[in-house]
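Residue 1 is where the sequence shown starts when you use the UniProt record's numbering, and the numbers rise one by one after that.
The block underneath contains the structure these notes are about, expressed in structure tokens.
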Amino acid sequence: MTQMPKKELPGHIAAALAGAGGITDSAGQPWAGRDLPAQEKYHNFDADDGAMDAGFAAALASLATGDGTEEAVIAALATARVFIPIVAQLAEQTVGENGLVSDKESDMALVTLQGPDGRRALPVFSHADALAKWHPAARPVAVYAARAALSAVAEEAQLLVVDPGSDRPFVVRRPAMWALAQQQLWRPSYSDVAVAQVLRESVSALGNRAVVDISASAGQGIESLWDSNAPTGQQLVRGGGTGPELCVTITLLPGLDQSAVNDVLNSLQTYWAAQEAFASAVDSIQIRLRHPQQT
């Protein structure tokens, strides 16, 4: 067996490794007397075990039992650590003389999803195991939820989806996502007094006497299905759905034809969209029409 000749290290590397017997560094400076402080904190999650944030877990549990609200879940998420999945994305390939393709350069990129309605969503994960099951090759990057929301905004995403593919996914819609990014409290549009005021003012401002009454409530779009793989079956939870989250009930005078109804709806929606408080607080709307005799 022919022995390959020993490859020598470059002189400067060999000298650095020798380092006078390990007494000095590569610049010849002694190691003695130098120490890295034990209390030095390199990032916010030095002791992170990858588990779900306790406050967020408690808020989800309350929502599951019917005692909690999605507003409380968002409030808990605001102070929680989450994981953003990062994957390698090929930037450039080369073809060698042997005809084989090799990766010359790759970048790390955020993973984004497309929802059923076409909107872009950024997936985040409340614990490391959930991310590993969803995308084993993804690298988990620990950040606070506010930072994840900023990343979603930068990626022009309209939704933040917590733990997609798990038994208990939770969708953070645009207004809540923006509130997280700005580290502000979020109030759902269906319980926001400013939204209700705009609805009332829209009727009087347009002087449309065809509208008898107008009111806001939570839409069915806030509901989401959890525990789909559990032995007990799915349960409908009042929070974490994709929307529409706001149901606007409009009571109209009887006898209006379809053209008149369309005119009323167009004028109202144009007014709503022009109000900044309404446009920023409402992600999507479900409109329900009824006549005074309907209950």
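Yeah, the Cβ is synthetic: ideal placement off N, Cα and C, and Gly gets one too.
- Apart from the 5 residues on each side of it in sequence, T249 sits with its Cβ closer than 6 Å to the Cβ of S215 and R288 in its chain, given in chain order.
- Excluding five sequence positions before and after Q183, the CB atoms of its chain that fall closer than 8 Å to its own CB belong to A78 and A146, given in chain order.
- Close CB contacts of S62 within its chain, under the 6 Å cut and outside five residues either way in sequence, are with G68 (chain order).
- Here V124 is buried, its C-beta having at least 16 other C-beta atoms within 10 Å.
- By the C-beta density criterion, V195 is buried, having at least 16 other C-beta atoms within 10 angstroms.
- Contact between V162 and V153 fails: their C-beta atoms lie close to 16 Å from each other, not under 8 Å.
- Residue state for A109 is assigned as strand, using DSSP reduced to three classes.
- DSSP places T249 in the strand class (E or B) of the three-state scheme.
- Taking 8 Å as the upper bound for CB-CB distance, P164 and W134 are in contact here, some 6 Å apart.
- Fewer than three beta-carbon pairs drawn from the segment 259 to 269 and the segment 218 to 226 are found closer than 8 Å, and the two stretches are therefore not classed as touching.
- According to the DSSP assignment, Q197 belongs to the alpha helix (DSSP H) that extends over V193 to L206.
- About 5 Å separates the beta carbon of G55 from that of A76, a gap short enough to meet the 8 Å contact definition.
- L199 is classed as buried because its beta carbon has at least 16 other beta carbons within 10 Å across all chains shown.
- At a cut-off of 4 residues, the continuous stretches assigned as alpha helix (DSSP H) that sit fully inside the segment 225 to 285 are 258 to 274 and 276 to 281.
- Beta-bridge pairing by DSSP links D213 to T251.
- Beyond the five residues adjoining it in sequence on each side, Y190 comes within less than 8 Å, by CB distance, of A216, S217, A218, G219, I222, E245, L246 and C247 in the same chain, given in chain order.
- Within the model, the alpha-carbon separation for L180 versus S284 is close to 18 Å.
- Rounded to the nearest whole angstrom, the C-alpha separation of Q197 and I84 is 38 Å.
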